[in-house]
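Participant: One structure follows; several queries about it will come next.
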Amino acid sequence: MKFRKVSEVRRTNTFILEGCPALHELADNCARLYNELNFERRHAYMRCRRFEWYPKHLCEKYAPLIGSATAQQIINKNNE
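Under the working numbering, read the sequence shown as residues -7 to 72, first letter to last.
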């Protein structure tokens, strides 16, 4: 397994994963969770003009794929 860092921007890190499909799948599922959180947060804000919510359904959806602790940390990071 090897990976190399391609670029570092203020809010985005891009990596190329080579030789480890499990790691690639984990990273892909984490990115999907983060993107779904952003999408739902944006729509919730447009409808209700509030931010206080906990997307339990997304945590339950992604916990079997990436682990519950990882899913919770991604949700917490998205709430910052």
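All C-beta atoms, glycine included, are put in the ideal place defined by N, C-alpha and C.
1. Would you decide whether ALA63 is buried or exposed? Buried here means 16 or more other CB atoms lie within 10 Å of its CB.
2. Between the C-alpha atoms of PRO13 and ASP20, what's the straight-line distance to the nearest angstrom?
3. Can you give me the C-alpha to C-alpha distance between LEU11 and ALA23, rounded to a whole angstrom?
4. Determine whether the beta carbon atoms of PRO56 and GLU32 lie at a separation below 8 Å.
5. Mind checking which residues open and close the alpha helix (DSSP H) that includes PRO47?
Facilitator: In this structure, then:
1. Position 71 of the sequence shown, counted from the start, is the residue given in the question as residue 63. ALA63 should be labelled buried.
2. Your numbering for residue 13 matches position 21 in the sequence shown. Your numbering for residue 20 matches position 28 in the sequence shown. Rounded to the nearest whole angstrom, the CA to CA distance from PRO13 to ASP20 is 10 Å.
3. Here residue 11 refers to the residue found at position 19 when the sequence shown is read from its first residue. Here residue 23 refers to the residue found at position 31 when the sequence shown is read from its first residue. Checking the sequence shown, residue 11 turns out to be Gly, not Leu. Cα-Cα distance, rounded: 19 Å.
4. Residue mapping note: residue 56 aligns to position 64 of the sequence shown, counting from 1. Residue mapping note: residue 32 aligns to position 40 of the sequence shown, counting from 1. For PRO56 and GLU32, no; Cβs fall outside 8 Å.
5. Position 55 of the sequence shown, counted from the start, is the residue given in the question as residue 47. The continuous stretches of alpha helix (DSSP H) do not include PRO47, and DSSP gives it neither H nor E.
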